[in-house]
Structure formats: C-alpha cells, structure tokens
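Residue numbers (this note's numbering): 1 to 227.
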C-alpha cells in the first residue's frame, strides 16, 4: 500500500528541521509535518521567500508552528550557525529532512572551495547532521525506537550519472566532469551518508552502547514530482 501523508500520527511535541523547506518537496514536507502538529524549522537562504511560504501554509493550516531559520547551503558557516541556533532553542529534535538541492547546474565553486552541487546536496547536509547528532541521540533516548530519524533526499540519479569509478575523491569538484556527473556524485554521497549513519547509529550501531536508543536513517528517491 502506498504511503499517504494523512496516515501520519499526531506529531504534537515533536520538532523537525527541513532544509530547502520553502519550495517543492521541502515545502510539502513542512506542510504535512505542521498539519500533524509538529513544530517545524524551515531552513532556507532567502528569508522573504521563506516567510511567504510559511504564510501560504498557514492559510491552510492556521495552527501551524513553523519557524524560519537562515541556512545558505553554499556557505558552511551559515549551516553551522543554523545548527547552533537550533541547539540554543531546542532541548529535543526528532528529525532532520535533508532536502535542499540543486541539479545539473553549471560549474560553480562555493566560498568554501567546493563544487556547488557537492556542497549544496551533500557537504552542507553532512555538516548540519554532524552538529545536530548529539541532540538527535539524546532525544532518541527518551522516545520509542524509530521515533527519531534522519531522511536524506537522494535520487535514482546516483545510479545513472555517477562516474563508473564512483566518487572521485582526488577531484571532488569534478573539474573535468560535466554537470550531470557532478550531480550523480553528490546524490551517491547522500546514499552513502545514510548507510554510514545507519551503520553507526541504527539498530546495533557500532557507535551505540547496549543501552542507547538508535536513530533511523533513510535515503529516499522522491520520484518525478511536479514541484
């Protein structure tokens, strides 16, 4: 049976962060989490667009508890600042939806020196998750197993566009590659990030003690959505 967001339970008391939450799949995710009474942080780089998105959601869900949080995925210092902001405001965090992404864009390098797709799609999400992981784990200790989750929005494109040799760590910016191979490499990194998080912190995780409650991690291909 296909999943439908209306099947979500009451999420009152739970806190989530969604990157790229002001448009497309991210906005839809924020909408449905808020509809089911969760508190949601909408990560975005443009405050005006984010607040407009929040207002449009509240037209349908007046009780929605959504907060904008500045997060520019092309600036790692912005990502760290956002994580610190969450840590200052919240004692619990029940989930991260690492959704923000760009696809097959022309070659561009961030201020941090990384190719834009690698940094936006993967590196910034890795950094955000790393900083928030202690809060996720402490929250999991107070919840039933499976409550706390990390979801990485990947793509089936990791199969079709990544170079046959896999991620080229000797040329992570893929200077000689094209926009699609750079995209595929970033999406493969999302998948591998998910698998490694699950290996370390999922059930029986290598970084967990027998008394720790695991967190669940998933890498999802959202399909061909009209966003």
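Ideal Cβ positions, reconstructed from N, Cα and C, are used throughout, including at glycine.
- Would the beta-carbon of residue 70 fall within 8 Å of that of residue 82? Yes, they are a contact pair.
- Task: Could you tell me the distance, in whole angstroms, from the CA atom of residue 199 to the CA atom of residue 125?
- Result: Cα to Cα, residue 199 sits roughly 18 Å from residue 125.
- Message: Is it buried or exposed, residue 179, if we count other Cβ atoms within 10 angstroms and call 16 or more buried?
- Response: Per the 10 Å Cβ criterion, buried.
- Message: Suppose you measure from the CA of residue 132 to the CA of residue 186; what does that come to, to the nearest Å?
- Response: Separation of residue 132 and residue 186 (C-alpha to C-alpha, rounded to the nearest whole angstrom) is 21 Å.
- Message: For residue 6 and residue 106, I'd like the C-alpha separation in whole angstroms.
- Response: If you take the alpha carbons of residue 6 and residue 106, they lie about 38 Å apart.
- Message: According to DSSP, residue 8 sits in a beta bridge with which residue or residues?
- Response: Bridge partners of residue 8: none, in fact.
- Message: Comparing C-alpha positions only, which one of 38, 43 and 51 sits nearest to residue 65?
- Response: Of the candidates 38, 43 and 51, the residue whose Cα lies closest to the Cα of residue 65 is 38.
- Message: Comparing C-alpha positions only, which one of 60, 96 and 114 sits nearest to residue 174?
- Response: Measuring from the Cα of residue 174, the nearest candidate turns out to be 114.
- List in chain order: all unbroken alpha helix (DSSP H) runs of 4+ residues lying wholly within the segment 22-109. Fully enclosed alpha helix (DSSP H) runs of 4 or longer: 24-35, 47-60 and 76-89.
- Coarse secondary structure for residue 16, derived from DSSP in three states: If DSSP states are grouped into helix, strand and coil, residue 16 belongs with the strands.
- Message: Once DSSP output is grouped into helix, strand and coil, what is the label at residue 151?
- Response: Strand.
- Message: Quick check: the Cα distance between residue 116 and residue 102, rounded to an integer number of angstroms?
- Response: Those two C-alpha atoms are separated by around 8 Å.
- Query: Among residues of its own chain, excluding the 5 on either side of residue 214, which ones have a beta-carbon nearer than 8 Å to its beta-carbon?
  - Reply: Taken in chain order, the residues that qualify are 140, 145, 201, 202, 203, 204, 205 and 208.
- Item | Rounded straight-line distance, which links the Cα of residue 170 to that of residue 1 | The predicted model places residue 1 with a pLDDT of 48, which falls under 50 and marks its position as unreliable; any figure quoted below should be read in that light. A straight-line Cα-Cα distance of about 44 Å links residue 1 and residue 170.
- Cα-Cα, which of 29, 80, 78 and 79 is closest to residue 57? Residue 57 has its Cα closest to that of 29, out of 29, 80, 78 and 79.
- Message: Is it buried or exposed, residue 226, if we count other Cβ atoms within 10 angstroms and call 16 or more buried?
- Response: Legend: pLDDT at residue 226 = 47, less than 50; position of this residue unreliable, value from coordinates given subsequently. By the 10 Å Cβ count, residue 226 comes out exposed.
- residue 10 versus 33, 23 and 134, residue with shortest Cα-Cα distance: Nearest C-alpha to residue 10: 33.
- Rounded to whole angstroms, what's the CA-CA distance from residue 127 to residue 79? Just pull it up for me. If you take the alpha carbons of residue 127 and residue 79, they lie about 7 Å apart.
- Through-space distance from residue 210 to residue 45, alpha-carbon basis: Straight-line Cα distance between these residues: approximately 40 Å.
- Check residue 170 in the structure and name its three-state DSSP category. Reduced to three states, the DSSP call for residue 170 is helix.
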